[in-house]
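K.L.:
With mature numbering (1 follows the signal peptide of the UniProt record, and there is no 0) applied, the sequence shown corresponds to residues -21 to -1, 1 to 215, in that order. Have a look at this one.
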Amino acid sequence: MGSNNKFIFLLLLIYSTASCASDELLKENNKIFFKKGNNKIFLFADSDYCFDKDAFSVENLTNDNKKYLFVNHTDDCNPSGKYEIFDISENKAKKFYLSPLYDPEVDKNKIIERFKDGAVGYTRIYVLKNSKYYLLEELKTLDNNLNLSTVYSSKSPTFYLKDDSNQIIKNLEISSTKAYFFDENLIKTKSYIISGDKVKIINLIKKNNLIYVKVEFQGKNKLTEGYIKLEDFLYK
């Protein structure tokens, strides 16, 4: 979680604790409970949980009276890790269908999740639609100031390249020594451009788990249009 997001989530935790002074996490007989007023709700056994009695918040995720409990749930006691989420509206813990989430941020019918897989950073944005959250967009870090955006707003996902300010990139420079063009059937041609050449991005497609970028390249004598593998834009 970035420093700003950590601060925001800590503020949410502090506010939630202050506004619900009677709410607390309890450990009894190796079990973890959420105490809300005079009610006590079983969550899980502490063998599955690195216990921190202050690491929770209660949020309103949907446009109704339901309440959701966010509980930090990690093996190594790192407070910036995984959060289990429970619907506690009926005085029992029902796991939220998106749970667990990593470093979640709640913002006006939107949940933003951030995590890393090795050196690769991911951001997932879930939006509320018809009383249920859906994954709208996933951002994957590719390179310095270069991210792959996958948008799930239709039956088939659409792809974009975005910078770190979330702006769609329209022009990009080749990094590979040679970047070969592929035709409309994604068959490799003999034409290529070289490192440092700049192209205009038309769109992106995915086939066999590979991303191809449709580009226009203005050479000295002609305009060339075709597909180039996304990897040819990345610095090795």
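Virtual Cβ for every residue (Gly too), placed ideally from N, Cα, C.
1. Per DSSP, Glu7 forms a beta bridge with which residues?
2. Taking C-beta to C-beta, are Ser154 and Tyr214 nearer than 7 Å?
3. Determine the extent of the beta strand (DSSP E) in which Phe21 is found, giving its start and end residues.
4. By the three-class DSSP mapping on this structure, what secondary structure does Phe138 have?
5. Could you tell me the distance, in whole angstroms, from the CA atom of Lys15 to the CA atom of Ile104?
6. Under 7 Å Cβ to Cβ from Asp25, same chain only, skipping five residues before and after it: list those, please.
7. With which residues is Ala158 paired in a DSSP beta bridge?
8. Rounded to whole angstroms, what's the CA-CA distance from Asp162 to Tyr206? Just pull it up for me.
9. Going by DSSP in three states, Asp82 sits in which element: helix, strand or coil?
10. Can you tell me whether Phe75 is helix, strand or coil according to DSSP?
11. Can you tell me which of Asn70, Ile90, Phe21 and Lys208 puts its alpha carbon nearest to the alpha carbon of Leu165?
12. Helix, strand or coil: which one does DSSP assign to Leu209?
13. Might you give, ordered along the chain, the residues of its own chain that have their beta carbon closer than 7 Å to the beta carbon of residue 216, omitting 5 neighbours on each side?
14. Where do the ends of the beta strand (DSSP E) carrying Gln197 lie?
P.N.:
Quick look at the numbers:
1. Lys10
2. yes
3. Asn18 to Ala24
4. Residue state, collapsed to three classes: strand.
5. 30 Å
6. Lys6, Asn9, Lys10 and Ile11
7. Ile172
8. If I take the Cα positions, the gap works out to 6 Å.
9. The three-state reading of DSSP puts Asp82 in coil, since its state is none of H, G, I, E or B.
10. coil
11. Lys208
12. helix
13. Residue 216 is absent from the structure shown; the chain starts at -21 and stops at 215.
14. Leu189 to Gln197
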